[in-house]
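Structure first, then comments.
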Amino acid sequence: MSKRRKKSSAPNIPQATLDRARQQAGLPVEKPTEEVVEEVKEAKAEAAPKTPNKPKDTRPARRARSRATSGVQIEGRKKRRSEPETYMVEDALRHPTIFPTNEDLQAEYGFVLRDLRNMFLLAAVLMVALVVMASLI
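Going left to right, the sequence shown walks through residues 1 to 137 as this note's numbering numbers them.
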């Protein structure tokens with residue numbers, strides 16, 4: 001079985017990058033909260049009470065994803081993918097397409113035609129056998 005990702009695990013992205021992405025997406029930027037650490041005077045003091053968990057983000061994940069991709073960005077990606085890369089063009093120019101002759105094709109793929117002919121003959125013989133068997137029964 002595959003491991004499931006824990007939903008509560010923190011992302012592997014630095015906070016500054018997340019803030020910049022939120023700012024570019026037009027979402028409110030969360031200000032980082034500084035944790036106040038109190039020094040413990042007594043070493044044998046009782047265990048500190050558990051602090052409540054931080055509330056999870058109430059926004060649905062789909063909403064954040066839909067805002068992250070705008071129509072302009074998608075068009076740019078499609079445009080970049082549709083344009084041929086220079087290395088592909090250079091490779092095509094260096095290695096032009098070779099059009100084989102009929103003799104070359106027959107020499108290389110003759111076995112395919114022989115197999116097709118044999119299968120056609122076998123199918124014809126079996127059809128005749130079926131007709132003969134149907135007339136006898």
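Ideal Cβ positions, reconstructed from N, Cα and C, are used throughout, including at glycine.
Query	Result
L27: first and last residue of the uninterrupted alpha helix (DSSP H) it sits in	Neither: L27 is in no alpha helix (DSSP H) and is coded neither H nor E.
Endpoints, alpha helix (DSSP H) assigned at E83	Careful: E83 lies outside any alpha helix (DSSP H) and carries neither H nor E.
N12 in three-state terms, based on DSSP	coil
Three-way DSSP call (helix, strand, coil) for F120 in this model	helix
Coarse secondary structure for T101, derived from DSSP in three states	coil
Distance between A92 and E85 (C-alpha atoms, nearest Å)	11 Å
Whole-angstrom distance between M133 and M119, CA atom to CA atom	21 Å
Contact set for A123: own chain, Cβ-Cβ below 8 Å, skip 5 residues either direction	none
For I137 and A129, the rounded distance between their alpha carbons	12 Å
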